[in-house]
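Q:
Residue numbers (our numbering), protein chains in the order written: chain A, 721 to 778; chain B, 7 to 257.
1) Per DSSP, what kind of secondary structure is residue 127 of chain B in: helix, strand or coil?
2) Less than 7 Å separating the beta-carbons of residue 234 of chain B and residue 102 of chain B?
3) Since residue 253 of chain B contacts residue 769 of chain A with CB under 8 Å, what's their CB separation in whole angstroms?
4) Considering only C-alpha positions, which residue in the set B/45, B/148 and B/117 is nearest to residue 169 of chain B?
5) Could you work out which residues of chain A lie near residue 58 of chain B, taking near to mean beta carbons separated by less than 7 Å?
6) 7 Å is my cut-off, CB to CB: does residue 722 of chain A come that close to chain B?
7) Starting from residue 761 of chain A, trace the alpha helix (DSSP H) both ways and give me its first and last residue.
8) Under 7 Å between C-beta atoms, does residue 229 of chain B make it to chain A?
9) If we count Cβ pairs, one from each stretch, closer than 8 Å, do we get three or more for the stretch 133 to 140 of chain B versus the stretch 178 to 192 of chain B?
10) Just the Cα atoms here: how many angstroms apart are residue 218 of chain B and residue 36 of chain B?
11) May I ask which residues mark the beginning and end of the alpha helix (DSSP H) holding residue 176 of chain B?
12) Just the Cα atoms here: how many angstroms apart are residue 729 of chain A and residue 47 of chain B?
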């Protein structure tokens, strides 16, 4: 461990705001990139399910 | 030479099956490598002599910048395949990779700006490396816009492939920019030949983080490509069967 305490870890030697904002933004973008195709697929399957139900009725 | 594997690769059904088998393993690898690399870099790597702890931004900045360029090279290669062999799967790869590359480029630029403030005293300078990375972001926007603007699939494949190939000239410019011009940006941390410019305690977590970002890129690319293949092939019997299977599994 490179830090003595958890406070030191958060402070990042005066540069805490820079380090944590950079990591925060990046992790948000990474999460967004994983979520987008998964949500798009769910939407597509919902649309297809609706279409299949309609076709069965008629 | 036997080329059947190459033609198989162009088959959407074959791609859908094989990528479905690889995806869980790649996702696990991406998660493990990214967590290990980033936690190691944030908490366990030693502080840098001059920059102190602000240098820890390197563990996301360098992997994101590296992958932003690797993604563009992938797109240029896919563009060549799509132009020469008219392989539809190559066009799917090209157009689905563009938004991921744009986001990776965005991460590289934003983390670079944040890192620049404590290190150079400014968020942005019109330096050769920074400017050429910004051009890369605009090239990604160009491919995305072009793909969306042209509704005819064959024309859009051709236009995007040409743009991806022409834009590839920017990649060596990005890589050589720190040598050709006097820039604020430091030279490459990783070199294929010669000694690394960092101690092993610092570059080992960086290497792991780069590998993690690589796996992350492949996972997101496969997720996007699989959905696009399913949509484009929606008239074929295998895709219909697959959609019905997944709809029934959900209900």
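Backbone N, C-alpha and C fix where the C-beta goes; we use that ideal spot for every residue, glycine too. These numbers were taken from a predicted model, which means no experiment stands behind them.
A: On the basis of the supplied data:
1) The answer is coil: DSSP assigns residue 127 of chain B none of H, G, I, E or B.
2) The Cβ-Cβ distance between residue 234 of chain B and residue 102 of chain B falls below 7 Å.
3) About 5 Å; that satisfies the 8 Å criterion.
4) When C-alpha distances from residue 169 of chain B are compared across B/45, B/148 and B/117, the shortest belongs to B/148.
5) Simply 733 and 735.
6) Interface criterion met: the Cβ of residue 722 of chain A is under 7 Å from a Cβ in chain B.
7) Its alpha helix (DSSP H) spans residues 736 to 777.
8) Yes - at least one Cβ of chain A is within 7 Å of the one on residue 229 of chain B.
9) Contact check between the stretch 133 to 140 of chain B and the stretch 178 to 192 of chain B: three or more CB pairs, one atom from each, fall below 8 Å, which counts as touching.
10) Note on geometry: alpha-carbon atoms of residue 218 of chain B and residue 36 of chain B lie some 5 Å from one another.
11) Judged by DSSP secondary structure, residue 176 of chain B falls within the alpha helix (DSSP H) whose first and last residues are 176 to 186.
12) The straight-line gap from Cα to Cα measures roughly 12 Å.
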